[in-house]
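To get the working numbering, take the position in the sequence shown, counting from 1, and add 6.
Notes for the one structure printed next.
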Amino acid sequence: MSLRLFVIASLMLLMGFTSDTMVKPFVKGSFTEIQQQLDGRPYLILFWGQDCAYCMKELAMLGELLDAYPSVTIVTVATDPFLDANWVEKKMSDFGLQQAQNWVFAEDYPETLYFDVEKRWRGELPLTYLSDGQQLIRHSGMLKQADMSAWLAGLSL
Numbered sequence: 007m008s009l010r011l012f013v014i015a016s017l018m019l020l021m022g023f024t025s026d027t028m029v030k031p032f033v034k035g036s037f038t039e040i041q042q043q044l045d046g047r048p049y050l051i052l053f054w055g056q057d058c059a060y061c062m063k064e065l066a067m068l069g070e071l072l073d074a075y076p077s078v079t080i081v082t083v084a085t086d087p088f089l090d091a092n093w094v095e096k097k098m099s100d101f102g103l104q105q106a107q108n109w110v111f112a113e114d115y116p117e118t119l120y121f122d123v124e125k126r127w128r129g130e131l132p133l134t135y136l137s138d139g140q141q142l143i144r145h146s147g148m149l150k151q152a153d154m155s156a157w158l159a160g161l162s163l
C-alpha cells in the first residue's frame with residue numbers, strides 16, 4: 007500500500023468513515039464511479055458546501071420533493087474536505103435525505119477534485135447533475151422548485 011493510500015485510510019478511520027457509515031470519501035475517480043453505478047437510472051448529484059446558504063435551501067427543497075419520487079437516487083457530495091461523517095449524516099437527516107448516498111471530499115486539495123468532475127469547474131456551489139437515465143444535465147446555481155418538480159414529473163418511472 008502506498009504511503010498516500012495509507013494516510014487517506016488512516017484519516018478515514020479517524021473521521022468516522024467505516025464500512026457501517028453512509029458517508030463515503032470522494033476522491034479522484036469517484037464522480038465517474040457514481041455515474042457508472044447509476045447508469046440507466048434517474049439520479050441527481052448535488053455538490054454542496056457547509057457554508058453555502060443556497061446549498062442548504064436546495065437540500066431542504068430536495069428533501070421535500072424527493073419524498074414523492076423514491077425511485078430517483080440522490081447523491082450528495084460535500085465539497086469541504088474531510089467533514090465529519092456524523093455531522094454530514096445528521097445534516098442529511100435534518101433535510102429528510104436519509105436515503106441519499108453521501109460523499110465528502112477526501113483530498114487535501116479540492117481543486118484536484120473540481121478538475122476531475124469537470125475541467126472548467128472552479129468550485130462554484132451549488133452544482134447539480136441531473137440524469138433521467140439517458141441524458142446528463144449540468145446545473146450551476148440553485149435549482150428552482152418549479153423546474154425541479156417539472157423534471158421529476160417528466161421522468162418515466
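For glycine and all other residues, C-beta sits at the position ideal for the given N, C-alpha and C.
Bear in mind the structure is a predicted one, so any value in this text is a computation, not a measurement.
_Helix, strand or coil for residue 83? Go by DSSP, reduced to three states._
Your numbering for residue 83 matches position 77 in the sequence shown. Strand at residue 83.
*Which of the three DSSP states, helix, strand or coil, is assigned to residue 135?*
Numbered from its first residue, the sequence shown carries residue 135 at position 129. DSSP places residue 135 in strand when its eight states are reduced to three.
*Going along the chain, which unbroken runs of the alpha helix (DSSP H) with 4 or more residues stay wholly within the segment 40-127?*
59-71, 91-100, 116-123
_Only counting the same chain, and skipping five residues up and downstream in sequence, which positions put a Cβ closer than 8 Å to that of residue 107?_
The residue given as residue 107 occupies position 101 in the sequence shown. Excluding sequence neighbours, residue 107 sits near 28, 30, 40, 79, 80, 81, 82.
_Distance between residue 63 and residue 6 (C-alpha atoms, nearest Å)_ = Residue 6 falls outside the range modelled here, since the chain spans only 7 to 163, and no answer is possible.
_Tell me the rounded alpha-carbon separation between residue 126 and residue 111._
The residue given as residue 126 occupies position 120 in the sequence shown. The residue given as residue 111 occupies position 105 in the sequence shown. In a straight line, the C-alpha of residue 126 is about 18 Å away from that of residue 111.
*Based on Cα-Cα distance, which residue from 74, 42, 133, 52 lies nearest to residue 161?*
Taking the first residue of the sequence shown as 1, we reach residue 161 at position 155. The candidate whose alpha carbon is nearest that of residue 161 is 74.
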